[in-house]
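Colleague: When we follow my numbering, the leftmost residue of the sequence shown carries the number 76, and every step to the right adds one.
Even glycine gets a Cβ: it sits at the ideal position worked out from N, Cα and C.
All figures in this text were calculated on a predicted structure; none of them were measured in a lab.
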Amino acid sequence: MQRHTRLLRTTVVGGAALAMTLSLAACGGSGASAGKEQDKIHILVYGDATNKVEKQLVDTFNKTSDVKAVLDTIPGADYQTKLQTVISGKQAPDVFFNWGGGSIKPYVDAGLLMPLDGFIEKDPRLKSDFLPSVFNTAVVDGKPYGIPMRGTQPVLMFHNKKVLKDAGVSVPRTWDELLTTVKTLKSKGVTPIALGGGDKWPTQMWFQYLYDRVAGPELFAKAAGGDKNAWASPDSKKALGMLRELVDAGAFGTNYDSVKFTDGGSPALLATGKAAFELMGSWEYSTLKDAHPDFVKSDLGYGTFPTVTGGKGDPANLAGNTNNYYSVLKSTKHPDAVAAFLKLMYSDDFVKAQLGIGNLPTTTNTAMFLGDSDNPEYSKYQYDLVAKAPAFQLSWDQAYPPAAATTIYTAVQQFFNGQSDADAFIAAMQSLPAA
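(1) State yes or no: is the C-beta of F491 within less than 7 Å of the C-beta of T278?
(2) Between G348 and V246, which are expected to be in contact by the criterion C-beta below 8 Å, what is the C-beta distance as a whole number of angstroms?
(3) Are G221 and A213 close, meaning C-beta to C-beta below 7 Å?
(4) Taking the alpha-carbon positions, what's the V371 to K405 distance?
(5) List the whole-angstrom C-beta distance separating M420 from M224, where the pair is believed to meet the contact cut-off of C-beta under 8 Å.
(6) May I ask you to list the residues that DSSP assigns as paired with E353?
(7) Quick one, which of D459, D338, G151 has its alpha-carbon nearest A366's?
(8) Looking at the unbroken alpha helix (DSSP H) that takes in A290, where does it start and where does it end?
(9) Under a Cβ-count criterion, where at least 16 other Cβ atoms within 10 Å of its own Cβ denotes burial, should P309 be classed as buried or exposed?
(10) For D147, which of D472, S140, V133 has the nearest alpha-carbon?
(11) Starting from D332 and walking both ways along the beta strand (DSSP E), at which residues does that stretch end?
(12) How is V246 classed by DSSP in three states: helix, strand or coil?
(13) Going by C-alpha distance, which of P381, F380, K364 is nearest S373?
(14) Suppose only complete runs of 3+ residues qualify. What are the beta strand (DSSP E) ranges in the stretch 157–215, listed by chain order?
(15) By the three-class DSSP mapping on this structure, what secondary structure does V383 have?
(16) Would you give the residue range spanned by the alpha helix (DSSP H) that Q457 belongs to?
(17) Beta strand (DSSP E) containing Q468: first to last residue?
(18) Can you have a look at S448 and say buried or exposed, based on whether 16 or more other CB atoms are within 10 angstroms of its CB?
(19) With a CB to CB cut of under 6 Å and the five nearest residues on each side skipped, what residues in its chain are close to A314?
(20) Give a yes or no on whether the C-beta atoms belonging to G431 and P229 are separated by under 7 Å.
(21) Do you know offhand how far S341's Cα is from T255's?
(22) Contact defined as beta carbons within less than 8 Å: I believe N399 pairs with V209. What is the distance between those atoms, to the nearest angstrom?
(23) Hey, how far is the Cα of E359 from the Cα of S422?
(24) Give me the Cα-Cα distance between M232 and I268, rounded to the nearest whole angstrom.
(25) For A394, report the span of its beta strand (DSSP E) as first-last.
(26) Inspect the CB distances between the stretch 452–471 and the stretch 425–442 and report whether three or more fall short of 8 Å.
(27) If you draw a straight line from the C-alpha of I116 to the C-alpha of H234, how long is it?
(28) Excluding five sequence neighbours on each side, which residues of the same chain lie with their C-beta closer than 8 Å to the C-beta of N126?
(29) Within the same chain, show all residues whose beta-carbon is closer than 8 Å to that of D527, passing over the 5 residues directly before and after it, in chain order.
(30) I149 by DSSP, collapsed to three states: which one?
(31) My understanding is that A307 touches A510, with C-beta atoms under 8 Å, so please give their C-beta distance in whole angstroms.
(32) Is it right to say M443 is buried, meaning 16 or more other beta carbons lie within 10 angstroms of its own, or is it exposed?
(33) Hey, out of V487, A466, L417, whose CA is closest to A144's CA?
(34) If I follow the unbroken alpha helix (DSSP H) through K418, where does it start and stop?
Below you can see the structure in the form of structure tokens.
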């Protein structure tokens with residue numbers, strides 16, 4: 076959930092408050108602010124509704140381990156920024172949550188992370204019990220630096236069934252149908268699409284999906300690989316024009332930049348019927364189940380991103396986060412305890428607990444538990460989408476190194492707001508380093 080980096084210059088100020096944040100948020104013991112105790116390992120995770128499972132796994136581990144695990148959390152909106160502040164200092168965790176790919180490469184390059192091939196040599200299941208395509212997202216320069224945790228997170232189009240029914244519209248299957256639906260919903264006084272624009276990364280989801288539908292995954296792959304001409308291609312300009320049309324149609328209302336996902340604002344708009352749709356990662360389900368359980372039981376619907384007539388992207392393509400990962404700091408004083416903790420990530424208990432909150436683990440034993448989850452329909456739907464997807468595009472801000480995120484977010488937000496045009500957006504994206 077998931078993420079997102081602000082200007083590095085703000086992290087010095089934020090770091091002063093981090094010790095208190097970690098201490099107050101720690102589940103099961105004193106926070107990292109007290110220093111890493113000799114008989115403990117600190118597990119740093121993104122703070123959200125999924126923490127209940129992570130606390131459960133820490134409790135399970137602590138029942139049999141002499142070295143105890145402490146779960147520390149950083150609120151989602153601040154996670155990446157504050158991680159950068161602490162990771163090379165005395166408050167560094169032993170294990171930390173990330174998205175693989177570009178999100179960890181700078182730490183690998185800085186020599187902060189432990190390659191996990193030694194762990195895997197002793198316990199091959201740390202690799203063999205995960206889907207290969209997912210495991211490989213955390214392989215950097217030929218070495219594994221992450222063990223999958225939580226689950227795969229495709230971005231889906233969620234909707235409020237009651238709002239659609241009352242407005243007399245159905246779920247749009249194509250982009251043209253979406254534009255028509257937006258017009259109808261506006262006439263009914265409903266904000267068509269909830270958007271946590273204040274977080275910026277939810278806005279980015281519209282770009283990454285539409286680029287895929289218009290141009291296929293190849294265009295972004297070229298751009299991320301350093302081909303700056305890809306951003307100025309006809310397909311890129313077409314996607315930007317379609318986004319401009321959607322925004323100008325009033326699809327997101329006028330106050331979306333004052334709304335956030337991370338404080339529950341945009342999900343609440345969907346759950347209370349003030350908005351009809353929200354494009355969000357699959358974690359939306361667990362977020363809504365935690366905050367609006369009655370809505371999930373009665374009126375929550377979900378589906379894929381609309382198709383684009385004449386587009387080059389396969390309608391079955393997905394975008395989002397292939398998975399989350401646990402990476403290990405070289406500085407840990409308890410590598411054996413860390414290795415034992417990571418074994419839980421392929422356990423049956425882990426799979427059942429994640430399925431229970433709507434997450435979809437990427438372990439090889441996941442399929443056997445899909446029917447037993449608390450959300451079997453949702454779990455099977457996600458599993459089938461991921462299994463059949465011809466391509467799964469990693470979120471742009473995770474594909475690029477963290478230092479690129481500010482440029483991406485600014486370009487995305489300013490284009491949406493009408494503060495910049497297509498040429499300015501293209502120029503900003505061309506300034507990014509190769510992923």
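Modeller: In short, the structure shows the following:
(1) yes
(2) Going by Cβ atoms, the distance from G348 to V246 rounds to 16 Å, so no, they are not a contact pair.
(3) Yes, they are a contact pair.
(4) 42 Å
(5) In this structure, M420 and M224 form a Cβ contact; the two beta carbons are roughly 5 Å apart against a cut-off of 8 Å.
(6) F233, A269
(7) The shortest C-alpha separation from A366 is found at D338.
(8) 276–290
(9) exposed
(10) Of the listed residues, the one whose Cα sits closest to D147 is V133.
(11) Looking at the DSSP string, D332 is not in any beta strand (DSSP E), and its letter there is neither H nor E.
(12) coil
(13) Nearest to S373 by alpha-carbon distance, out of P381, F380, K364, is K364.
(14) 170–173
(15) DSSP places V383 in coil when its eight states are reduced to three.
(16) Where Q457 is concerned, the enclosing alpha helix (DSSP H) stretches over 451–463.
(17) Note, Q468: beta strand (DSSP E), 467–469.
(18) buried
(19) The beta carbon of A314 sits closer than 6 Å to the beta carbons of L285, Y286, V289 from its chain, once the five residues preceding and following it are set aside; these are given in chain order.
(20) no
(21) 22 Å
(22) In fact, because the Cβ distance is near 10 Å, the residues do not count as touching under 8 Å.
(23) 24 Å
(24) 10 Å
(25) 393–396
(26) Flag = yes, the stretch 452–471 and the stretch 425–442 touch.
(27) Distance between the alpha carbons of I116 and H234 is about 41 Å.
(28) C102, V120, L146, T148
(29) This structure cannot speak to residue 527, because the chain is shown only from 76 to 510.
(30) strand
(31) The pair is not a contact, with the Cβ atoms about 18 Å apart (cut-off 8 Å).
(32) exposed
(33) Of the listed residues, the one whose Cα sits closest to A144 is L417.
(34) Unbroken run through K418: none, as it is neither H nor E.
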